[in-house]
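In this text, residue positions in the sequence shown follow this note's numbering: the first is 26, and each later residue adds one. Virtual Cβ for every residue (Gly too), placed ideally from N, Cα, C. A short worksheet on the structure shown next.
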Amino acid sequence: MSDPDTAPPWYAAGLRFTCMQCGHCCSGTPGYVWVTESEIDAVAAHCGLSPAEFTRGHVRQVGARYSLLENEGGDCEFLARLAHGTTHCRIHPVRPAQCRTWPFWSSNVGSPEAWRLTARHCPGVDNTGQHPLEAIKEALETNGGLPL
């Protein structure tokens, strides 16, 4: 009998994902896009603002943490909807870890069923683009298992 703490995860062979630029992960139900101070600094510089200016206009404090603002309806304010049905992130090169690691969040890879549920809302899940176990583990470590 194997120890569950040392058994390989169900996704040990990797998972398939390719971003389809649908914007579903950046829109919908209101929520949080957590940002650290260093991420605020990077996004502010990308936008040509000081960190203080950026924080005043684009960040909200939630307890001891910070989140990017959203537009009415739950879209991230940096999500641009393009005429031909795709989307574009206006801060893509400096997007926060929470965004960079989608869909490899603990809530999405916790079980095969969780992954299947994620695929119902994200057309890139189970699409081409095989991600090996090590890349998935790195994403999980980077985001600390976000979202919380």
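| field | Beta-carbon proximity check, GLY99 vs SER52, cutoff 7 Å | value | In this structure, SER52 lies closer than 7 Å to GLY99 by Cβ.
| request: Enumerate in chain order the residues of its own chain whose CB-to-CB distance from HIS71 is below 8 Å, with the five nearest sequence positions on each side excluded. | output: Excluding residues within five positions, the ones whose Cβ falls inside 8 Å are ILE116, PRO118, VAL119.
| query | If you compare alpha carbons, which of VAL150, LEU158, GLU159, TRP59 is closest to CYS47? | reply | For CYS47, the nearest C-alpha among the options comes from VAL150.
| Quick one: what does DSSP say ARG120 is sitting in, helix, strand or coil? | In the three-state reduction of the DSSP assignment, ARG120 falls in the coil class, being assigned neither a helical nor a strand state.
| query | When the Cα atoms are used, what is the spatial distance from PRO76 to GLY82? | reply | One C-alpha to the other measures close to 10 Å.
| message | Taking only three categories from DSSP, how would you classify LEU142? | response | In the structure shown, the three-state DSSP call for LEU142 is helix.
| Does the beta-carbon of PRO128 have 16 or more other beta-carbons within 10 angstroms, so that it is buried, or is it exposed? | PRO128 is buried by the Cβ-count criterion.
| query | Where does LEU107 land, buried or exposed, given buried means 16+ other C-beta within 10 angstroms? | reply | Exposed, by the Cβ-count rule.
| task | Give, in chain order, every unbroken run of the beta strand (DSSP E) that is at least 3 residues long and sits entirely within the region 56 to 122. | result | Residue ranges of uninterrupted beta strand (DSSP E) with 3 or more members, entirely inside the region 56 to 122 and ordered along the chain, are 84 to 87, 90 to 93, 104 to 106, 112 to 114.
| request: Check the DSSP bridge columns for HIS156 and list the partner residues they point to. | output: When DSSP reads this structure, HIS156 sits in a beta bridge with LEU40.
| According to the neighbour-count rule (16 or more other Cβ atoms, all chains shown, within 10 Å of its Cβ), is ALA38 buried or exposed? | Counting other Cβ atoms within 10 Å of its Cβ, ALA38 stays below 16 and is therefore classed as exposed.
| field | Cut-off 7 Å between Cβ atoms - residues of its own chain near PHE42, not counting five sequence neighbours on either side | value | Around PHE42: PRO128, GLY149, VAL150, ASN152, GLY154, HIS156.
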